[in-house]
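Numbering-wise, the sequence shown is residues 1193 to 1295 according to the numbering used here.
Beta carbons are placed, not taken as given, at the ideal position from N, Cα and C, and that holds for glycine.
Values in this document were obtained by computation on a predicted structure and should not be read as measured data.
Written out below as structure tokens is the structure these notes cover.
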Amino acid sequence: MKRVLSLAVLAGVVLAVVGCGPGRGEKLADKTNEIMCAKIDKGEIKSEAELPLAQLTAMEEAMTALGLKKEDKITQGDQKKMEEKFEKYKGEWKERLKKKLGK
């Protein structure tokens, strides 16, 4: 239940923080992925349980890097594309983490 709640909170944050305009959701997902991969490679993320919180932190860092503001909105189409990318990336993060930990 905690995991579902944290993902729901994450989704709510995404709705509130992403800039409007085509492609921004995808850019946020891509930048977040770049940051997450770096954190995994550096050993900053040590377990799958840490991934949701690390993703939220990485999203905030990505927003800053992309110049996005929390009060900006996202289009529904862009939100869907972003969510699809995050689903893909989550699987990749888990695999990357397993390789990093030697599992």
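Between the CA atoms of residue 1232 and residue 1252 - distance to the nearest angstrom | So the two alpha carbons sit approximately 17 Å from each other.
Just the Cα atoms here: how many angstroms apart are residue 1235 and residue 1270?
-> Computed Cα separation, rounded: 31 Å.
Return the CA-CA distance between residue 1292 and residue 1275, expressed in angstroms with no decimal places.
-> The straight-line gap from Cα to Cα measures roughly 25 Å.
Is DSSP giving residue 1263 helix, strand or coil here?
-> Of the three classes helix, strand and coil, the one that applies to residue 1263 here is coil, per DSSP.
Taking the CB atoms as reference points, tell me whether residue 1295 and residue 1240 lie closer together than 7 Å.
-> Cβ atoms of residue 1295 and residue 1240: not closer than 7 Å.
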